[in-house]
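Heads up, the thing below is written out as C-alpha cells.
Protein chains: 2
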Amino acid sequence: MKIALAQLNYHIGNFEENAKKIIAHIHKAKKDNADLIVFSELSICGYPPLDLLEQRDFIETCLHTAQKIAQECINIAAIVGCPTLNEGEKGKRLFNSALFLHNGIITQTVHKTLLPTYDIFDEYRYFEPNSEFSIIEYKNTKIALTICEDLWDNQVVETAFAKDKIYKTSPLEKLHCQAPDIVINIAASPFSYNQDYLRTKVLQDNARQYQVPILYVNQIGANTEIIFDGCSKIVNPNGEVVYEMSEFNEDYCVINSEQCNMPTTIKTESYHKIQKIHDALLLGIRDYFKKNNFKSAVLGLSGGIDSAVVLALAAKAIGEKNIRVLLLPSEYSSSHSIDDAIQLANNLGVRYDIVPIHNLYESAIQSLEPIFENRPFSIAEENIQARLRGLLLMAVSNKFGNILLNTSNKSEAAVGYSTMYGDMNGSLSMLGDVYKTDVFKLAEYINKDKEIIPRNTIQKPPSAELRPNQKDSDSLPDYDTLDAILFEYIEKKLSLHEIIDQGFDEQTVIKTIRLVNANEYKRFQFPPILRVSSKAFGFGRRIPLVAKHVV
Amino acid sequence: MKIALAQLNYHIGNFEENAKKIIAHIHKAKKDNADLIVFSELSICGYPPLDLLEQRDFIETCLHTAQKIAQECINIAAIVGCPTLNEGEKGKRLFNSALFLHNGIITQTVHKTLLPTYDIFDEYRYFEPNSEFSIIEYKNTKIALTICEDLWDNQVVETAFAKDKIYKTSPLEKLHCQAPDIVINIAASPFSYNQDYLRTKVLQDNARQYQVPILYVNQIGANTEIIFDGCSKIVNPNGEVVYEMSEFNEDYCVINSEQCNMPTTIKTESYHKIQKIHDALLLGIRDYFKKNNFKSAVLGLSGGIDSAVVLALAAKAIGEKNIRVLLLPSEYSSSHSIDDAIQLANNLGVRYDIVPIHNLYESAIQSLEPIFENRPFSIAEENIQARLRGLLLMAVSNKFGNILLNTSNKSEAAVGYSTMYGDMNGSLSMLGDVYKTDVFKLAEYINKDKEIIPRNTIQKPPSAELRPNQKDSDSLPDYDTLDAILFEYIEKKLSLHEIIDQGFDEQTVIKTIRLVNANEYKRFQFPPILRVSSKAFGFGRRIPLVAKHVV
Numbered sequence: 006m007k008i009a010l011a012q013l014n015y016h017i018g019n020f021e022e023n024a025k026k027i028i029a030h031i032h033k034a035k036k037d038n039a040d041l042i043v044f045s046e047l048s049i050c051g052y053p054p055l056d057l058l059e060q061r062d063f064i065e066t067c068l069h070t071a072q073k074i075a076q077e078c079i080n081i082a083a084i085v086g087c088p089t090l091n092e093g094e095k096g097k098r099l100f101n102s103a104l105f106l107h108n109g110i111i112t113q114t115v116h117k118t119l120l121p122t123y124d125i126f127d128e129y130r131y132f133e134p135n136s137e138f139s140i141i142e143y144k145n146t147k148i149a150l151t152i153c154e155d156l157w158d159n160q161v162v163e164t165a166f167a168k169d170k171i172y173k174t175s176p177l178e179k180l181h182c183q184a185p186d187i188v189i190n191i192a193a194s195p196f197s198y199n200q201d202y203l204r205t206k207v208l209q210d211n212a213r214q215y216q217v218p219i220l221y222v223n224q225i226g227a228n229t230e231i232i233f234d235g236c237s238k239i240v241n242p243n244g245e246v247v248y249e250m251s252e253f254n255e256d257y258c259v260i261n262s263e264q265c266n267m268p269t270t271i272k273t274e275s276y277h278k279i280q281k282i283h284d285a286l287l288l289g290i291r292d293y294f295k296k297n298n299f300k301s302a303v304l305g306l307s308g309g310i311d312s313a314v315v316l317a318l319a320a321k322a323i324g325e326k327n328i329r330v331l332l333l334p335s336e337y338s339s340s341h342s343i344d345d346a347i348q349l350a351n352n353l354g355v356r357y358d359i360v361p362i363h364n365l366y367e368s369a370i371q372s373l374e375p376i377f378e379n380r381p382f383s384i385a386e387e388n389i390q391a392r393l394r395g396l397l398l399m400a401v402s403n404k405f406g407n408i409l410l411n412t413s414n415k416s417e418a419a420v421g422y423s424t425m426y427g428d429m430n431g432s433l434s435m436l437g438d439v440y441k442t443d444v445f446k447l448a449e450y451i452n453k454d455k456e457i458i459p460r461n462t463i464q465k466p467p468s469a470e471l472r473p474n475q476k477d478s479d480s481l482p483d484y485d486t487l488d489a490i491l492f493e494y495i496e497k498k499l500s501l502h503e504i505i506d507q508g509f510d511e512q513t514v515i516k517t518i519r520l521v522n523a524n525e526y527k528r529f530q531f532p533p534i535l536r537v538s539s540k541a542f543g544f545g546r547r548i549p550l551v552a553k554h555v556v
Numbered sequence: 006m007k008i009a010l011a012q013l014n015y016h017i018g019n020f021e022e023n024a025k026k027i028i029a030h031i032h033k034a035k036k037d038n039a040d041l042i043v044f045s046e047l048s049i050c051g052y053p054p055l056d057l058l059e060q061r062d063f064i065e066t067c068l069h070t071a072q073k074i075a076q077e078c079i080n081i082a083a084i085v086g087c088p089t090l091n092e093g094e095k096g097k098r099l100f101n102s103a104l105f106l107h108n109g110i111i112t113q114t115v116h117k118t119l120l121p122t123y124d125i126f127d128e129y130r131y132f133e134p135n136s137e138f139s140i141i142e143y144k145n146t147k148i149a150l151t152i153c154e155d156l157w158d159n160q161v162v163e164t165a166f167a168k169d170k171i172y173k174t175s176p177l178e179k180l181h182c183q184a185p186d187i188v189i190n191i192a193a194s195p196f197s198y199n200q201d202y203l204r205t206k207v208l209q210d211n212a213r214q215y216q217v218p219i220l221y222v223n224q225i226g227a228n229t230e231i232i233f234d235g236c237s238k239i240v241n242p243n244g245e246v247v248y249e250m251s252e253f254n255e256d257y258c259v260i261n262s263e264q265c266n267m268p269t270t271i272k273t274e275s276y277h278k279i280q281k282i283h284d285a286l287l288l289g290i291r292d293y294f295k296k297n298n299f300k301s302a303v304l305g306l307s308g309g310i311d312s313a314v315v316l317a318l319a320a321k322a323i324g325e326k327n328i329r330v331l332l333l334p335s336e337y338s339s340s341h342s343i344d345d346a347i348q349l350a351n352n353l354g355v356r357y358d359i360v361p362i363h364n365l366y367e368s369a370i371q372s373l374e375p376i377f378e379n380r381p382f383s384i385a386e387e388n389i390q391a392r393l394r395g396l397l398l399m400a401v402s403n404k405f406g407n408i409l410l411n412t413s414n415k416s417e418a419a420v421g422y423s424t425m426y427g428d429m430n431g432s433l434s435m436l437g438d439v440y441k442t443d444v445f446k447l448a449e450y451i452n453k454d455k456e457i458i459p460r461n462t463i464q465k466p467p468s469a470e471l472r473p474n475q476k477d478s479d480s481l482p483d484y485d486t487l488d489a490i491l492f493e494y495i496e497k498k499l500s501l502h503e504i505i506d507q508g509f510d511e512q513t514v515i516k517t518i519r520l521v522n523a524n525e526y527k528r529f530q531f532p533p534i535l536r537v538s539s540k541a542f543g544f545g546r547r548i549p550l551v552a553k554h555v556v
C-alpha cells in the first residue's frame, strides 16, 4: 500500500482554507498513486479550537466540511481530524476524532482515548474519551488508528512530586490484540525546545514494545502562542526512525508501507537548541501576522539586546519593509544606545524615527507636580518614561495600523522587571518564553554569518536606562544565576528548598521566587507569548492572584 | 446527633489563617455540644488553588495542616476539604477529598467523583475522579458524604447545541444502596446572578429522588474573580429548604439531625438580582484588598456612570478614606462632567484632585507631529487621551501605593469600546461582568436611600468624551439592544442565526457579534474581572486569538 503523509499548517476556524489545502493534497496523492493520505489531528478546524467547540455552528461547519472533503475521496482514502458529536445519552457532547474517508463518504470514525488536560491542554473540557477499540482494514492492511496523546499512556504528570502515570488506559495495548500491521497516529503536538526528544522516544518505545511500525503525522504552524513544529516521522518496529519530515515547514511524502518495516539507513538531523528556538519564533511571528491578516509591525528600539533580537527576527519573518521602529530616548539614555539602535536599523534596512521623550516627560511631571509635591524620584517617575514610550508606540500603531511587538524576555516577565502599560505593551510577545541568557545566544546566532546586531548591544551590561547609571544587576541576580533558578522553579517545578538543596545561594533563591510569586498580577495582563519551552507564562501556567505563597 | 455547619471565607494558600479559623469553629461547636462540624470544599487550602496543586510543598502543607486540625477533634468530629495524594500506580496524582476527622486523626477520606471541567473549572487538570463509594457511620447515623458537583450528575453541558448530561456516574445513586440517613455535601460553588436558582433545584431534586435530607455547606468570599456567596442550606426529603445560611457573609449554625427531616415553616428570602450583584461586588472588592493586603485605591472619575458606580461601591467596600480619585478633564470634557464628578466625590467624602490633561496632550501631539505630519484627527488621538489618563492614574498608584481600579463595563469589554493601556488599565475590574444596562440599575440601587450618584450622571447620554460631541450611540447600538444581543451570544451561546431568528435586526446582530469576535485581543490583556454571571470574560471563556470567525 502507498501512503501519503501531509504535514500542513491549519488556521483555526478557517474551514474554507483548511479544506482547500486538504483537498489539493488528496488530489496530489491520487496523482502519486497513493492509496491513502493522512492529515493531522483536528486538521479540519485547526488546533486548539478552545471554546469555539461550544458553538453550534462551529461544530456543524466541521461536520459539513468533513463531508465535502469525503466527496473527493474516490479511488483514494484519507484520514482527517475532526470533532464529532457524542450521540450517547451521557458524557461530554463531543469526541476528538479521526475520520476515515473513502468512496465519497466517512466510512469509519475513531475517537481519541487519552485527552491531555495539563499545561496548555484542556481537552477534557470538551471531549468524551473513547472506550471502544477496533482496527481499520483497508487494502489488506490492518491499521491501528490513534490520535496524538493516545500513544502517551506512560505520560507522567509534569509535577515535581509525581512520578507515576496519569492515564489508566493504553489504547495501543487494546488495539494490539487485533494484530495491526501499522499504527497511524495523527497529532497536534506543540514544540518545546526542552521536551521534543520525548516525542521521538514515545514513538520508538511503542514501536519496539508492540513490534509494529508507526506513522506519525503532526502539523506545523502557530496559533498565537502555540507553535507546532511538524517533524512527522515513521518509526520501524525496531524503533528506528525510517523517515522524518521537516521542522517548522509544510511537508509531504509518499511511502510504501513495506518501507516502514525496513531497517533504517538515514540519520536524523541533530538540531541545535538556539536554532530551534530561532526557527520556532520566526514561524510564530509569521503565522500571527498571516492568520490575523496583519501587514506591518512597529516596535521601540532601545539599543538593548531584547528589542534588537525582536527586530532582527521580525524583519526576517515579515520583511524589513513592513516594520518601522521608534527610538525614544530620554535624558537617561546613553548616547551609545541611540547609536547602537540606529546601527541595527541600518543593518536591517528598517525605517526608524527618533522621538525624544524628554519634553513629554517634563510635561507629565509638571502635570503631576501639584499632587507629587516634592517627593523624591521613585519607581513612579521610572514608569512614566516607560509608559510614555508605550503610548507613543501605540499612537503610531493606531495611526498607521502597525502591530506593536512586545520586547520583554522571560526573565523579566518572571521577576516583574517591566512596566505594565509601558514596555509590557504589545500585541504579541516574541521573547516572553526566552530567558535572557538565551536571548544573548539568539543574538549570536542571528549574527552567525555577519554582524546584524551591533557587538556593543550584545556586550554592554543590560540596563533599563530609567535612572542615571541604572543596571539590571542593581536589582537582580546576574542572569546566569537568575535564569538557572527560574528554570528549576518554573519549568521543573521544584520547591524553594529543593532549589536551595541544589547548591544555589539561599537568599538569592528566596528573593527570586518571591519576585516570581509577587508578579503574577503583572503577567495576568501580559500579551500572548510565543511558547517555545515546556512551561511558558500564560494559559499553560495558572496561579491564583490572591494566593499566599511560601515566600 | 447535633451538627454544626460552618460557612467561612478561606484564603488560597494561607494555611495558617484557614486552620486558625477552622480550629476556632471546632472549639465553638464543641461548646455548643455538636457531635460533628462541617466545613466546605478544599477549606484547608482555599478554592481554586489552580496550579499551586502542582507544587510539592503546597500539597505537603495541606496534609500537614489537616493532621494539625485533626488533633483538635477530640469528642467531636469534623469534615474538612483537602487535596490528597492518589497512591495508586496510575491516574492523576491527586484527589479532591473530604476528610472525616475524629479522635485526633483522619479516620476516613472520601474523594470527589464528578469533577467540573468547564467554564472557570479545570478540576480534571489536577484530580483523579473517585470510583469507590461507601457510607460513613458515625453516632448511629449513616452519612453519605459528597463533594459539590457530585450532586450534579444531571449537569448539562453549557452549550447551545447540547441537551444531554455530561456525567456518566451518579455518586448519590451508588451511595443510596447503602441507605444513608443524611447526605452531606461540601461545596465551593461560585455565585452567578443568572444561575443561582439551579443550585437549590439540584439539592431539592436529589432530596426528593432519594428521599433523604441534604446538608449543603458552601463557602463565601472572593478569590480575585470568583465570588462564593455561601447560601448553605438544609433540604428535607420533600425538597423543602428547612434552613438557609446567609448570602455573602460568614455564618455558623448548629442543628439537630432530626430537624433535617421536619416539614419546613421558614420562607427563604427572595433577593433581587441587582441587590445580589451589588453585594457580590462589594465582597469581591473587599476580599481582593484584604487577601492581597492592599490598603487604598485610586481611580479616574469622568463624570460618567461607570466610574461613579465603581467609586460608590469601592467607598462602601474599603472605606471612603482609603480612596482618592483623579478628575482628568480634556478639552472635550463637558463642564457638567467635571461638576458631576466633584459632586459625587463630595457626596461620598472622597478626596479628589483635578489634573487637566490638555498640556500633556498637546505635548504628546507635538512629539508625534514629525511622524503624524498632517494626518487628520483619528482614533490615535482619541486613544492618546485615554492613555495619558491611564498613565497619570498609574503614576499616582506607583507614587502613593494606591491600587488602580478599572472602570470598564461588560458591554464595553464585549465590543472593544475601550482603550488598551488607557481606560482598560487597572488591577481589578469591578464592572467587567456587568452589562451597561445593569450598571444603570446599580446606580439607582446605590441611590435608593439618598442621592449619592448625581442624577445628571445617570440621565445624560453615555459618552467617552474623546472628541467633540461624541456619544456612545454614534458607534454602538442602543444599550438595551446591545446588551440583549450580547447576553444571547455570550451567556446563552446562541449562534448568529439563532439570535437573528429571535427577532433582532440582522445588521445589528452581525455588527455586534463581529465586534465581540474582533476584540478578543483586547480582552486578552484585560484586568481580572469580578465574576457575577454564568459567563464572564476571562479565564472561563477561552477563544483562540487567531481564529477566523463566521463574521
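Going down the list, the protein sequences come from chains A and B.
Take the first sequence: its letters are residues 6 to 556, numbered as in the numbering used here.
Take the second sequence: its letters are residues 6 to 556, numbered as in the numbering used here.
Ideal placement from N, C-alpha and C gives every residue a C-beta, glycine not left out.
Small disclaimer: the values here were computed from a predicted structure and weren't measured.
Check                                                                                                                                                                    : Outcome
Give the DSSP-derived three-state secondary structure of Asp-234 of chain A in the structure shown.                                                                      : strand
Name the two residues that bound the continuous beta strand (DSSP E) containing Lys-404 of chain A.                                                                      : Segment 384-405 is the alpha helix (DSSP H) holding Lys-404 of chain A; no beta strand (DSSP E) there.
Tell me whether Ala-302 of chain B sits in a helix, a strand or coil according to DSSP, three-state version.                                                             : strand
So, are the CB atoms of Leu-365 of chain A and Ala-346 of chain A less than 8 Å apart?                                                                                   : no
Where does Ala-559 of chain A fall in DSSP's three states?                                                                                                               : Residue 559 of chain A is absent from the model: chain A starts at 6 and stops at 556.
Do the CB positions of Ser-237 of chain B and Leu-10 of chain B come within less than 8 Å of each other?                                                                 : yes
So if I threshold CB-CB distances at 8 Å, which residues from the segment 289-312 of chain A count as touching chain B?                                                  : Asp-292, Tyr-293, Lys-296 and Asn-297
Leu-410 of chain A and Leu-304 of chain A - do their beta-carbons sit closer together than 8 Å?                                                                          : yes
Have a look at Val-217 of chain A and His-32 of chain A and give me their C-alpha separation to the nearest angstrom.                                                    : 29 Å
Any Cβ of chain B within less than 8 Å of the Cβ of Glu-498 of chain A?                                                                                                  : Note on identity: in this sequence residue 498 of chain A is Lys, with Glu being the wrong assignment. Yes, contact with chain B.
Which of the residues in the segment 396-426 of chain B, read from start to end, lie with their CB under 7 Å from any CB of chain A?                                     : Leu-396, Leu-397, Met-399, Ala-400, Val-401, Asn-403, Lys-404 and Tyr-426
Quick check: is the beta carbon of Leu-393 of chain B nearer than 8 Å to any beta carbon in chain A?                                                                     : yes
Can you have a look at Val-562 of chain B and say buried or exposed, based on whether 16 or more other CB atoms are within 10 angstroms of its CB?                       : Because residue 562 of chain B is not part of the residues shown, which for chain B are 6 to 556, the question remains open.
Could you please tell me which residues of the segment 15-27 of chain A, in chain order, have their CB closer than 7 Å to any CB of chain B?                             : His-16, Ile-17, Gly-18 and Asn-19
I want to see whether chain A comes within less than 8 Å of Gln-224 of chain B, judged by CB atoms only; does it?                                                        : no
State yes or no: is the beta carbon of Ala-369 of chain A nearer than 8 Å to at least one beta carbon in chain B?                                                        : yes
Helix, strand or coil for Asp-345 of chain B, going by three-state DSSP, please let me know.                                                                             : helix
Return yes when the Cβ of Ile-219 of chain A is within less than 8 Å of the Cβ of Asn-3 of chain A, no when it is not.                                                   : Residue 3 of chain A is absent from the model: chain A starts at 6 and stops at 556.
Residues of chain A with a CB under 8 Å from the CB of Gln-530 of chain B: which are they?                                                                               : Gln-530, Phe-531 and Pro-532
Does DSSP put Lys-147 of chain A in a helix, a strand or coil?                                                                                                           : strand
Taking the alpha carbon of Ile-279 of chain A as the reference point, which residue from A:Tyr-426, A:Glu-133, A:Ser-402 and A:Leu-318 has its own alpha carbon closest? : A:Leu-318
Could you tell me if Lys-597 of chain A is buried or exposed, where buried requires 16 or more neighbouring beta carbons within 10 angstroms of its beta carbon?         : No statement about residue 597 of chain A is possible, as the shown extent of chain A runs from 6 to 556 and does not include it.
What residues match up with Lys-95 of chain B in a beta bridge as DSSP calls it?                                                                                         : A:Lys-170
Kindly list, in the order they appear in chain B, the residues whose Cβ is closer than 9 Å to that of Leu-316 of chain A.                                                : The contacting residues do not exist; Leu-316 of chain A stays about 18 Å from chain B at best.
Within 10 Å of its beta-carbon, does Gln-3 of chain B have 16 or more other beta-carbons around it, so buried, or fewer, so exposed?                                     : Chain B is shown from 6 up to 556; residue 3 of chain B falls before or after that span and cannot be answered.
Can a CB atom of chain A be found closer than 8 Å to the CB of Tyr-215 of chain B?                                                                                       : no
Checking the sheet assignment: what are the DSSP bridge partners for Leu-331 of chain B?                                                                                 : B:Gly-305 and B:Asp-358
For Ile-171 of chain A and Tyr-143 of chain A, I'd like the C-alpha separation in whole angstroms.                                                                       : 33 Å
From Lys-404 of chain B to Phe-377 of chain A, what does the alpha carbon distance come to, in whole angstroms?                                                          : 8 Å
Using a C-beta cutoff of 8 Å, does Glu-255 of chain A count as contacting chain B?                                                                                       : no
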